[in-house]
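> Please see the structure below; I have some questions.
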Amino acid sequence: MTVLTDPQIQTLRAAVDRIIPEDDYPGAWGAGVGEYLGRQMHGNPQFPRDIYRAGLDALDVEAQLQTGEPFCALSAAAQDDLLAQIEIGRVVSSWQVDPAAFFAFLVHYTMEGYYSDPDNGGNQDGIAWKMIGFEVRG
Amino acid sequence: MTQYDVIVIGAGAGGGVVAAVLAEAGKRVLLLERGRAQSFDELGRDHLRNHRLSQHGHSTGPELDGNPRVFVDPAGQERVLQPHEDGYQNNAAAVGGGTRVFGAQAWRFLPQDFQMATTYGVPADSSLADWPIGYDDLAPYYERAEWELGVAGDEGNRAIWPRSRPYPLPPMSPGRQGVVLRQGLASLGWDTRAVPLLINTEGYNNRAACIRCQHCVGFACPTDAKNGTHNTVIPRALATGRCELVTEAMVTLIDTDSAGCVSGVSYVDREGHHHQLQAAAVVCAAGAIETARLLLNSASRMHPRGLGNQHDQVGRHLQGHYYAGAAGLRAEPVFDGQGPGVSTATCEFNHGNREVIGGGMLADDFIVLPIILWKRMLPPDLPRWGQANKTFMRENYRRFLQVMGPVHEIPSPEARVTVDTSVQDRWGLPVARLSGTTHPETVRTAAFMVERAQDWLEASGVTRVWSRKPGLYLSAGQHQAGTCRMGADPRTSVVDTCGRVHGHDNLYVADASVHVTNGGFNPVLTILALAYRTAEQIAHSG
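Each protein sequence line maps, in turn, to chains A and B.
When the letters of the first sequence are read in order and numbered with the working numbering, they come out as residues 1 to 138.
When the letters of the second sequence are read in order and numbered with the working numbering, they come out as residues 139 to 680.
As structure tokens, this is what we get:
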């Protein structure tokens, strides 16, 4: 069974919570995106596990190199700045995966977990649908 | 002594109708379907695995493993794809085929849709052509489909579609978005229509009315109010006692005898056992891609290029629909949760556009699932993540409005299905290889229709409008058509005016493969109507 290390999980949690931050509705992690990603990693044969793990490691290395801190320890603003650089592929450390492709993949999967049906593991109790006003009545 | 009078390959829109008409005419029918009969609960409501968004799979057959196709992109790059991936041009494999999960728009083609070459001329390098039959030939069969399956529509449609009987069901009432968009059409003075739907707006044929749920297109109906072939004509066929339905049956070959005459089919059942069955006639209704593939894979000594393919026509002119549209935001919410969502259309621009060839219908959209809004419909300048993105989703999901519609494609002979002997499916058969693009004139028409969609939204109080510029690509997908073109001349077509394959007495095609062009409308009612017409011909031919 493929699992993430604790540091990978901390980096993941911090990153998805910048992709969908908490306000008066939950951020990505609080709505179950971690659970969604876990199910994808174990249940979807096409899930790019290697890119996923290597990208999380590289994100943390990038943060350490640029700021001296692990990604999860940075302020929200500093995390956003770093992610915005990665989004356009601008990095200083040596990445084993394409940083922009990794980030695009992470954004898509985070949104899938947050906005798709709760049976996929995210959007728990339909919280994202309550937030936007999508109601299932029949 | 043959085992069956008719073997029908594919239990979708066309195959379902053919099976019913022939079984009721006293024929012994075998209906073979590679998918399964699936209940509402089996099909489910997974927002990532359905026939509107097949991100990680889909809800019906074909199964993801063992059913690859080869897709050649416009740059010449070849990729082997699974059924849920972009470019595969998938349609549901299930009892009912695409109608098991469709959006149920029940448009007739317009009289001019059958005469595109006469009306517009033939652009260089295109295969634009007239149909060898016209609207009047199909009108009685459109009507039969409307009554036997059940269509809800507006009598105002009589003005552009001459008809002898009214629709059997009253039109779907518009929700808030429909009301807003009808006001916009009125202010523009544009043609305004209720979208005809294969949906019971009242109880019909002993089934319930639509409950206006939020998961229509891409999903099965919770009250069985959506009229596909799975809950109308196929049950009728089975009720005769003369039609046998075998599911999870993969037809590998249309068999021919030593003289080259069609004698039956070979198929593999769900346990992997091989069967060879004889029939007096064979009807291909597997969809425009799989029908073409089967004819090509059925090559024999007498038919070295495949059945019906002596003039290299099988698989050409593959087409579907470009969708032209625009999206935007209204100050006041328009979302009211009233499914199916689509209710209002304009046929103002199907024909008579001076700058472009043909055109298409525009209509409002089905209820948009939240993840589909995020993946496909956000404004191009919106950040894709972060607080700004979340705030946009939160503030605008209920204010979002989209209109769009199918563009009548200008076909290209180079958009085609061939078979790729280097890639095989789980039965060892060469898979479909899809290559080419639509003709560039389609892109021009699509760009014109995008502008009209923008006009409509702006006239409907939409304050911020965005859209995508269409590019050149291959479209087929759920509206796939054209690969066994109907025509009088065997050198430029595959089937005759009745759907019979040229050069054969007993081999027919009864799906959208036979469409010469695919109209500026959802094609299912035309597929159904043609199937009634072809089935009647088979019944009368003994």
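Ideal Cβ positions, reconstructed from N, Cα and C, are used throughout, including at glycine.
Predicted model only: the values in this text are computed from it and were never measured.
Quick check on this structure: which residue in Arg606(B), Arg374(B), Gln220(B) has the alpha carbon closest to the alpha carbon of Gly204(B)?
Closest by alpha carbon: Gln220(B).
> Give the residues from the segment 176-202 of chain B that approach chain A closer than 7 angstroms (Cβ to any Cβ), ordered along the chain.
Listed by position, the residues of the segment 176-202 of chain B near chain A (Cβ gap below 7 angstroms) are Arg183, Asp184, His185, Leu186, Gln193, His194.
> Per DSSP, Thr482(B) forms a beta bridge with which residues?
Beta-bridge pairing links Thr482(B) to Ala332(B).
> CB of Leu59(A) to nearest heavy atom of the ligand NAD: below 7 angstroms?
Here there are no bound small molecules, and the ligand NAD is not part of this structure.
> Is it true that the segment 23-32 of chain A meets the segment 121-128 of chain A, where meeting means three or more beta-carbon pairs spaced less than 8 angstroms apart?
Verdict: yes, contact present.
> Candidates Gly574(B), Gly356(B), Val494(B), Pro661(B): which alpha carbon is nearest Arg582(B)'s?
Residue Val494(B) is the option with its Cα nearest to Arg582(B).
> At a Cβ threshold of 8 angstroms, is Ile337(B) touching chain A?
With 8 angstroms as the cut-off, Ile337(B) does not count as an interface residue toward chain A.
> Does DSSP put Ala465(B) in a helix, in a strand, or in coil?
In the structure shown, Ala465(B) sits in a strand (DSSP, three-state: E or B).
> In angstroms with no decimal places, state the Cα-to-Cα distance between Gly236(B) and Arg190(B).
Going by the C-alpha atoms only, they are around 12 angstroms apart.
> Would you report the Cα separation of Ala128(A) and Asp24(A), rounded to the nearest angstrom?
Those two C-alpha atoms are separated by around 12 angstroms.
> Going by beta-carbon coordinates alone, are Val480(B) and Gln243(B) separated by less than 8 angstroms?
The answer is yes: Cβ separation under 8 angstroms.
> So the beta strand (DSSP E) Ala283(B) belongs to, where does it begin and stop?
Careful: Ala283(B) lies outside any beta strand (DSSP E), inside the alpha helix (DSSP H) at 273-283.
> With a cut-off of 8 angstroms, do at least 3 Cβ pairs link the segment 252-263 of chain B to the segment 427-447 of chain B?
No: the two stretches stay apart, fewer than three of their Cβ pairs being nearer than 8 angstroms.
> In this structure, how does DSSP classify Thr655(B) when only helix, strand and coil are distinguished?
Of the three classes helix, strand and coil, the one that applies to Thr655(B) here is coil, per DSSP.
> Using a Cβ-Cβ cut-off of 8 angstroms, state whether Met1(A) counts as contacting chain B.
Low confidence applies here, because Met1(A) scores a pLDDT of 43, under 50, leaving its location unreliable; read the following figure in that light. Answer no: the Cβ-Cβ gap between Met1(A) and chain B never drops below 8 angstroms.
> So if I threshold CB-CB distances at 8 angstroms, which residues from the segment 471-495 of chain B count as touching chain A?
Listed in sequence order: Pro471, Phe473, Gly475, Gly477.
> Just the Cα atoms here: how many angstroms apart are Leu383(B) and Arg187(B)?
Distance between the alpha carbons of Leu383(B) and Arg187(B): 27 angstroms.
> Taking C-beta pairs closer than 8 angstroms, name the residues in chain B that Ile88(A) reaches, listed in chain order.
What Ile88(A) touches in chain B: nothing, since even the nearest Cβ is about 12 angstroms away.
> Does Cys351(B) have its Cβ less than 8 angstroms from a Cβ in chain A?
Closer than 8 angstroms to some Cβ of chain A, the Cβ of Cys351(B) qualifies, so yes.
> Give the residues of chain B in contact with Ser75(A), contact being defined as C-beta atoms less than 8 angstroms apart.
The contacting residues do not exist; Ser75(A) stays about 14 angstroms from chain B at best.
> Any C-beta of chain B within less than 7 angstroms: which residues of the segment 30-54 of chain A qualify?
Answer in chain order: Asn44.
> Should Tyr535(B) be flagged as near chain A, meaning a C-beta pair shorter than 8 angstroms?
For Tyr535(B), the answer is yes, since a Cβ of chain A falls inside 8 angstroms of its Cβ.
> Quick one: measure Cβ to Cβ for Val545(B) and His459(B), integer angstroms, because I've assumed they're closer than 8 angstroms.
That pair is a contact at about 6 angstroms.
> Kindly list the residues whose CB is nearer than 7 angstroms to the CB of Phe357(B), restricted to its own chain and excluding five residues on each side of it in sequence; keep chain order.
Same-chain partners within the cutoff: Leu181, Arg183, Asn188, Val239.
> Using 8 angstroms for Cβ pairs, my map puts Ala553(B) next to Thr575(B). What's the rounded Cβ distance?
That belief holds up - the Cβ atoms of Ala553(B) and Thr575(B) are roughly 6 angstroms apart, short of 8 angstroms.
> Would you say Ala128(A) faces chain B, with C-beta separation under 8 angstroms as the test?
Chain B contact via Cβ: present.
> So with CB distances below 9 angstroms, who are the chain A contacts of Pro360(B)?
By Cβ distance, chain A contributes Gly138.
> Would you kindly report the start and end of the unbroken alpha helix (DSSP H) that includes Tyr405(B)?
From DSSP, Tyr405(B) is part of no alpha helix (DSSP H) but of the beta strand (DSSP E) over 400-406.
> Can you have a look at Thr559(B) and say buried or exposed, based on whether 16 or more other CB atoms are within 10 angstroms of its CB?
Label assigned to Thr559(B): exposed.
> Is Lys528(B) helix, strand or coil when you go by DSSP?
In the structure shown, Lys528(B) sits in a helix (DSSP, three-state: H, G or I).
> Measure the C-alpha to C-alpha separation of Ile132(A) and Val144(B) and round it to an integer number of angstroms.
Near 53 angstroms, if we compare the C-alpha coordinates of Val144(B) and Ile132(A).
> With DSSP collapsed to three states, give me the class of Gly543(B).
Strand.
> CB-CB under 7 angstroms to Ala232(B), same chain, minus the five flanking residues each way: which ones, in chain order?
Same-chain partners within the cutoff: Gly173, Arg174, Gln176, Thr198, Gly199, Arg238.
> How far does the beta strand (DSSP E) with His413(B) in it reach, from first residue to last?
Note, His413(B): beta strand (DSSP E), 412-422.
> On the three-state DSSP scale, how would you describe Pro684(B)?
No statement about residue 684(B) is possible, as the shown extent of chain B runs from 139 to 680 and does not include it.
> For Pro21(A), which residues in chain B fall below 8 angstroms Cβ to Cβ?
Result: Gly524, Gln525, Lys528.
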